[in-house]
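Trainee: Can you keep this structure in mind? I'll have questions shortly.
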Amino acid sequence: MSTPRRKALITGASAGIGATFARQLAAQGHDLLLVARRGDRLQSLADELSGRHQVQCEVLSVDLTRVDASATVMAHLDKLGWHIDFLVNNAGLSGHTKFAQTPWSQVGGEMQLMMTALTELTHRIAPGMIERRWGRIINVSSLAALSPPGESLLYSAIKSYVLVLSQSLDMEFKPHGVHVTALCPGFTHSEFHDVMGTRNIANHLPGILWQQPDAVVKEALAAVMAGKPVCVPGWVNKLLAAIMRPTPLWLGYRLGKAFNPFK
Ligand SMILES: NC(=O)c1ccc[n+]([C@@H]2O[C@H](COP(=O)([O-])OP(=O)(O)OC[C@H]3O[C@@H](n4cnc5c(N)ncnc54)[C@H](OP(=O)(O)O)[C@@H]3O)[C@@H](O)[C@H]2O)c1
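If you read the sequence shown in the numbering used here, its first letter stands for residue 9, the second for the next number, and so on.
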């Protein structure tokens with residue numbers, strides 16, 4: 009009897025880094041459940057990947073800012089009869105707005121999407137991985153989590169949570185065969201800055217700061233397989249992280265205030 013293919017769940021798979029995870033995991037022979045709001049995009053990616061790699065690709069259109077979103081994802085997995093072996097919590101965006109002038113629906117929505125949904129999906133899926141003694145989880149954080157804080161960037165606080173949580177979960181899960189990696193990309197070509205409304209500013213940043221999603225995802229997949237709890241992809245980002253991380257808090261505050269290009 010042949011071994012069943014491993015099953016991967018990827019949030020935010022309709023664009024950018026998430027779609028790239030889908031392509032590389034399908035190429036490695038994983039069946040996929042692709043999750044995001046834009047179902048038409050998910051379906052065309054699923055059709056492409058199932059045709060090219062002979063894997064099963066399922067899609068679920070769901071808004072992960074909804075409080076019942078994770079329960080909806082789990083109900084869909086039950087319907088498929090799937091256990092997830094590989095979880096990529098990738099969906100995200102940055103509002104880039106003044107905190108006090110932003111409605112709670114938006115602030116709370118960003119926290120629900122990038123903190124609560126990520127945490128709840130991990131909480132619901134990890135016990136099965138632990139029971140089966142094999143699992144891989146990638147939580148997409150950001151280089152922003154390792155950088156000085158930026159004014160009007162709720163995003164940096166959220167991504168810091170993702171980084172610390174992931175390291176903590178890796179310590180708890182690794183003895184049971186489940187690796188957790190926080191992926192901390194720097195500037196990566198995707199739709200992120202179009203959604204954030206900062207495309208013009210982003211286009212003026214030096215090219216050396218940018219990475220293609222293919223390179224980011226390749227390094228992240230290698231890191232989680234090797235059991236590395238944190239992955240900062242690319243040598244430029246590694247260098248920046250090495251310089252920024254030891255900065256004293258008072259200096260980081262001043263640098264963050266002075267050099268935030270998105271202010
Ligand atoms: N690009 C960068 O420079 C960069 C740097 C550091 C970290 N990151 C992180 O990388 C991750 C992926 O971003 P990206 O660069 O690939 O951006 P992207 O191209 O804009 O993709 C974002 C993905 O998140 C999904 N998403 C957003 N809101 C959602 C919601 N309410 N419910 C469900 N899905 C939602 C989007 O799908 P729908 O719109 O179809 O729902 C899309 O698939 C994010 O967590 C981001 O914070 C990006």
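Glycine included, each C-beta is placed from N, C-alpha and C at the ideal position.
As the structure is a prediction and not an experimental result, all values here were calculated from the model.
1) Count the other CB atoms, across all protein chains shown, that sit within 10 Å of the CB of P256; report buried if there are 16 or more and exposed otherwise.
2) Judging by CA-CA distance, which residue of C192, L248 and A210 is the nearest neighbour of E227?
3) Hey, would you say the C-beta of T73 is under 8 Å away from at least one heavy atom of ligand 1?
4) Given G276, which residues of its chain have a CB within under 7 Å of its CB, disregarding the five upstream and five downstream residues?
5) Taking the beta carbon of L272 as the centre, do at least 16 other beta carbons fall within 10 Å, making it buried, or is it exposed?
6) Would you mind reading off the limits of the alpha helix (DSSP H) that contains K226?
7) With respect to 8 Å, is the separation between the Cβ of S27 and the closest non-hydrogen atom of ligand 1 below this value?
8) Do A108 and ligand 1 come close, with the Cβ less than 8 Å from some heavy atom?
9) Between the region 95 to 112 and the region 120 to 135, do three or more beta carbon pairs fall short of 8 Å?
10) Return yes when at least one heavy atom of ligand 1 lies under 8 Å from the C-beta of T206, else no.
11) Taking the alpha-carbon positions, what's the Q51 to A230 distance?
12) Tell me whether I166 is buried or exposed, calling it buried when 16 or more other Cβ atoms sit within 10 Å of its Cβ.
13) What runs of the beta strand (DSSP E), each 3 residues or longer, lie entirely inside the region 103 to 154?
14) Are there 16 or more other CB atoms within 10 angstroms of the CB of Y163, so buried, or fewer, so exposed?
15) Output the distance between the C-alpha atoms of G205 and M82, rounded to the nearest integer angstrom.
16) When the Cα atoms are used, what is the spatial distance from G24 to K236?
17) Skipping 5 residues on each side, what residues in its chain have a beta carbon closer than 8 Å to that of N245?
18) Please indicate yes or no: does the CB of E159 lie closer than 8 Å to some heavy atom of ligand 2?
19) Which same chain residues end up closer than 6 Å to S102 when comparing Cβ atoms and leaving out the 5 residues on each side of it in sequence?
20) List the whole-angstrom C-beta distance separating S160 from T73, where the pair is believed to meet the contact cut-off of C-beta under 8 Å.
21) Between the beta-carbon of H38 and the beta-carbon of A16, is there less than 9 Å?
22) What residue ranges within the region 63 to 109 form continuous beta strand (DSSP E) runs of no fewer than 3 residues, ordered along the chain?
23) Helix, strand or coil: how does DSSP classify H187 here?
24) Kindly indicate which residue of T28, P269 and A35 has the alpha-carbon position closest to the one of H201.
25) Which residue or residues does DSSP assign as beta-bridge partners of A44?
26) Do M233 and H187 count as a contact pair if the criterion is CB distance below 9 Å?
27) For I216, does the count of other Cβ atoms within 10 angstroms reach 16, so buried, or fall short, so exposed?
Mentor: Reading from the atomic positions:
1) exposed
2) Residue C192 is the option with its Cα nearest to E227.
3) yes
4) Nothing about residue 276 can be reported from this structure: the residues present for the chain run from 9 to 271 only.
5) Look at the range of the chain in this structure, 9 to 271, and you will see that residue 272 is not part of it.
6) P221 to A234
7) Note on identity: in this sequence residue 27 is Ala, with Ser being the wrong assignment. A27 Cβ: within cutoff of ligand 1.
8) no
9) yes
10) no
11) 27 Å
12) buried
13) 143 to 148
14) buried
15) Approximately 33 Å between the Cα atoms of the pair.
16) 23 Å
17) L151, C192, P193, G194 and Q219
18) Ligands in the displayed structure: ligand 1; ligand 2 is not one of them.
19) Annotation for S102: Y163 and M204 place their beta carbon closer than 6 Å to its own, counting only its chain and skipping 5 residues before and after.
20) Going by Cβ atoms, the distance from S160 to T73 rounds to 20 Å, so no, they are not a contact pair.
21) yes
22) 65 to 69 and 94 to 97
23) strand
24) Proximity to H201 across T28, P269 and A35 peaks at P269, based on C-alpha coordinates.
25) S69
26) yes
27) exposed
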